[in-house]
Each structure stands twice: as C-alpha cells, then as structure tokens.
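Visitor: Residue numbers (the numbering used here): 20 to 371.
Cβ coordinates follow ideal geometry from the N, Cα and C atoms, glycine included.
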Amino acid sequence: MENETLPTIAITTGDPAGIGPEVVLKALADRELFNTARWLVIGDAAILSMVGKQIGLEPPNCIVQDSAQISAEWSCDKTARQLVETAQVCLLDLRQLEPSQFAVGKLNAVCGRAALEYVRMATQLCLDGQAAAMVTAPLNKEAVSLTGQNFTGHTEFIADLSEAAESRMLLVNDRLRVIHVSTHCSLRNACELDAPRILRTIQLGNEALESLGFDQPRIAVCGLNPHAGENGLFGTEDLERIVPAIQAAQHMGMVCEGPFPADTIFIQAVRGAYDLVVAMYHDQGHVPMKLLDFENTINVSLGLPIIRTSVDHGTAFDIAGKNQADPSSMKAAMKLAVTISQNRRKEDFASV
Numbered sequence: 020m021e022n023e024t025l026p027t028i029a030i031t032t033g034d035p036a037g038i039g040p041e042v043v044l045k046a047l048a049d050r051e052l053f054n055t056a057r058w059l060v061i062g063d064a065a066i067l068s069m070v071g072k073q074i075g076l077e078p079p080n081c082i083v084q085d086s087a088q089i090s091a092e093w094s095c096d097k098t099a100r101q102l103v104e105t106a107q108v109c110l111l112d113l114r115q116l117e118p119s120q121f122a123v124g125k126l127n128a129v130c131g132r133a134a135l136e137y138v139r140m141a142t143q144l145c146l147d148g149q150a151a152a153m154v155t156a157p158l159n160k161e162a163v164s165l166t167g168q169n170f171t172g173h174t175e176f177i178a179d180l181s182e183a184a185e186s187r188m189l190l191v192n193d194r195l196r197v198i199h200v201s202t203h204c205s206l207r208n209a210c211e212l213d214a215p216r217i218l219r220t221i222q223l224g225n226e227a228l229e230s231l232g233f234d235q236p237r238i239a240v241c242g243l244n245p246h247a248g249e250n251g252l253f254g255t256e257d258l259e260r261i262v263p264a265i266q267a268a269q270h271m272g273m274v275c276e277g278p279f280p281a282d283t284i285f286i287q288a289v290r291g292a293y294d295l296v297v298a299m300y301h302d303q304g305h306v307p308m309k310l311l312d313f314e315n316t317i318n319v320s321l322g323l324p325i326i327r328t329s330v331d332h333g334t335a336f337d338i339a340g341k342n343q344a345d346p347s348s349m350k351a352a353m354k355l356a357v358t359i360s361q362n363r364r365k366e367d368f369a370s371v
C-alpha cells in the first residue's frame, strides 16, 4: 500500500505507571502491523525511552512537540517535514511528566493527569481530521479520580469531549461481538432499563456490524433476570421493557431475537447462531467475552463522531516494568482501527 493512502491512527500510551507504554512499543515492533497505517503515538518521550530500555525496543525516533506540526497529509513544519513524511511512526511528545515523578506499578495522580491529556489530545486530533481513528492504551480510573476529574471511563470521557449525545461499548474478538446497554454504573442502576435505550443499543450494534462487513447481522438480546424472567416469574423487566425494544427493532427491519437467558445465549452465538449479543449490563457481557479470549478481545466505542478502539484490559500494575505484558489486545485494537477507518472511507466515497 502506498504511504499516502495509509490512514493516520493516533495511539495513546495510557497510564505511564502501567503496561500501556510497553504494549504500545511491543505492538509497533510487529512489522506486518507497522505497515498498515501511519502511527501517531501520543505520550511522553522520556517515558517511552525508559520503557524501551527496559524491554529492549527503540521508541519512535520521529518526535514532534506541537500538534500543529502534524497534518492530515502526515507532514510537519519545514524543519521536520522530511523526517515525518518518511516515518511510519511519529511520537507527539506532550511532556507531561518525567520518570522521576512516579514509581512504576504504583497509583499516582500525576500519571492519571498525564493519561487524560493523552486522550484529550488524541480526541482533538480525530475531531480536527488530523487522525482517522484513535487507539487507547489502559489508564487507571482511580489515578484519574485523584486529579479531581469526574471520570467513569474512556468512552464516557471521549463522549463529553466530542459532545456526543450517546455512547455504547462494543466488545469484539474473532469469535463473538457483544454490545452493552449499560456499562460503568452500579448494578442497581443498570437494572433500571428502558425500552428506548435498549432499542438504540440494538441499532448502534447493527450499524457497527454492518460497518465491519456483516450483511444483516443476526442479533440476540439477553434478558435481565434469571431465565429471562421466565414469563414474569422472576421479574417483569424482560416482558415490559426488553420485548418492546426487540419488537421495535424487528419492525425496523433488523434481524433481532430474544430476550434469551444469558447463561445459554452466548454458547449459541459462539457456535454461529448469532453475530452479535446485546448484554444488559457490564459483567453480563464482559465475563463471557474475557473467558472466551482475554488476550484478543478489544473495545470499540459506538455513538461517537470519531473512531476509537481500545485494549480490553487494565493497567496491570502488578507486572508493569517487568517486560511481561502481552501486546495481543493492543495489536488487535490497532488492526481493527485500521479496518474501520478504511471501511468508513469507502462509505464516504460511495456517498459522494
């Protein structure tokens, strides 16, 4: 593929005290992946240099310190233009902190603040059209909360930055895809279902799978209660709130069935009966996906005006700095970001 046709993908390096910088460098060492896009790493040069020495990998040697130097054509100002145009990976050094300011593997507000700034910059680059998509390494919600920021997750934070009216989380691996009606809220609040939100979740999931190449995705909807309520014996939410949403989706032409007991529908979907499962809450969808393929499951944010994929693991403070982190999820997230951005570009051309 010619360089000028490659999408520019922004990658945040996550919490500096976690495994984010490590999995980013390891993923970029994959030469097959390396040549599928122009990768704009967003982080701190000092941190990546430290991590690179620990794991025996070179950090990007193309470094800029101002987002104004990066354009959609992958060029910089005159002093850096030649370097950036020929580079496949470039680092946008935000100079948020130095290694002396924190301990690897330990919770720290300064790391939480830096990780948020990486996400903020990547989001803005996508909104400005300077990046076709963004891939996020893990940050730590507790570290972010120490900064005073009201933060519940990447998806919600990016939704606020981009002024998106809604957002949903889609989990993807090679064998299954799951979208959630609710994610980062208490189980008590998650049980307060309403049919319009369930219907909109089904719609967003259907649209997402179509963008991934599925023709008329087959969608299964989980029930909320044990045995999907057993016709009201174990709760009426399934009959009163989930069924109307499914019926509305069917009337709109979507291939949608349910509600199904959550303890059996995932097995049927993995065996090929369905392309997408709609989970009612966080753990209902996350547990089966992580059991199925923890290393290669990735997160896609839906409902946003930009493309964002992410690893589906945390900062793993217990192994940070030990060269033990597996980059599989990061590589999968990067590959999917390329696929979605290329498909989106084809759709844009087709609509002209």
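Classify residue 114 as helix, strand or coil using the three-state DSSP reduction.
Guide: In the sequence shown, the residue the question calls residue 114 occupies position 95. Residue 114: coil per DSSP, three-state reduction.
Visitor: Is it buried or exposed for residue 344, if we count other Cβ within 10 angstroms and need 16 for buried?
Guide: Position 325 of the sequence shown, counted from the first residue, corresponds to residue 344. Looking at its Cβ environment, which holds 16 or more other Cβ atoms inside 10 Å, residue 344 is buried.
Visitor: Rounded to whole angstroms, what's the CA-CA distance from residue 246 to residue 306? Just pull it up for me.
Guide: Locating residue 246 in the sequence shown gives position 227, where the first residue counts as 1. Locating residue 306 in the sequence shown gives position 287, where the first residue counts as 1. When rounded, the distance between both Cα atoms is 18 angstroms.
Visitor: Who pairs with residue 382 in a beta bridge, going by DSSP?
Guide: Look at the range of the chain in this structure, 20 to 371, and you will see that residue 382 is not part of it.
Visitor: From the DSSP output, in three-state form, read off residue 24 for me.
Guide: The residue labelled residue 24 in the question sits at position 5 within the sequence shown. Helix.
Visitor: If I follow the unbroken alpha helix (DSSP H) through residue 225, where does it start and stop?
Guide: On the sequence shown, residue 225 is found 206 positions in, with the first residue counted as 1. Per DSSP, residue 225 belongs to the alpha helix (DSSP H) from 214-230.
Visitor: Would you call the CB atoms of residue 296 and residue 191 closer than 8 angstroms?
Guide: Locating residue 296 in the sequence shown gives position 277, where the first residue counts as 1. Locating residue 191 in the sequence shown gives position 172, where the first residue counts as 1. Not closer than 8 angstroms, so no.
Visitor: Please state whether DSSP places residue 39 in a helix, a strand or coil.
Guide: Position 20 of the sequence shown, counted from the first residue, corresponds to residue 39. In this structure, residue 39 counts as helix in the three-state DSSP scheme.
Visitor: Specify the secondary structure class of residue 196 as computed by DSSP and reduced to three states.
Guide: Taking the first residue of the sequence shown as 1, we reach residue 196 at position 177. In this structure, residue 196 counts as strand in the three-state DSSP scheme.
Visitor: Measuring CB to CB, does residue 221 end up less than 8 angstroms from residue 183?
Guide: As a working note, residue 221 is residue 202 in the sequence shown. As a working note, residue 183 is residue 164 in the sequence shown. No, they are not a contact pair.
Visitor: Assign residue 169 to one of two classes, buried (16 or more other C-beta atoms within 10 Å of its C-beta) or exposed (fewer than that).
Guide: For the purposes of this step, residue 169 is identified with residue 150 of the sequence shown, where counting begins at 1. Answer is exposed; the Cβ neighbour count stays below 16.
Visitor: So, does the segment 317-335 touch the segment 267-283, judging by three or more C-beta pairs under 8 angstroms?
Guide: In short, these stretches do not touch, since the Cβ pair count stays below three.
Visitor: Please report the residue range of the beta strand (DSSP E) in which residue 298 lies.
Guide: By 1-based counting over the sequence shown, the position of residue 298 is 279. Residue 298 -> beta strand (DSSP E) spans 295-298.
Visitor: Short check: CB of residue 158 to CB of residue 254, under 8 angstroms?
Guide: Mapped onto the sequence shown, residue 158 falls at position 139. Mapped onto the sequence shown, residue 254 falls at position 235. No, these two residues do not count as a Cβ contact at 8 angstroms.
Visitor: Leaving aside the five residues before and after residue 74 along the sequence, list all residues of the same chain whose C-beta is less than 8 angstroms from its C-beta, in chain order.
Guide: Position 55 of the sequence shown, counting from 1, holds the residue named residue 74. So the qualifying residues of the chain are 41, 44, 45 and 342.
Visitor: Take the Cβ of residue 93 as the centre, count every other Cβ of all protein chains shown within 10 Å, and call the residue buried at 16 or more, exposed below.
Guide: Position 74 of the sequence shown holds residue 93. The pLDDT assigned to residue 93 is 47, lower than 50, so where the model puts this residue is not dependable; a value taken from the coordinates is nonetheless given after this. By the neighbour-count rule (16 or more Cβ atoms within 10 Å), residue 93 is buried.
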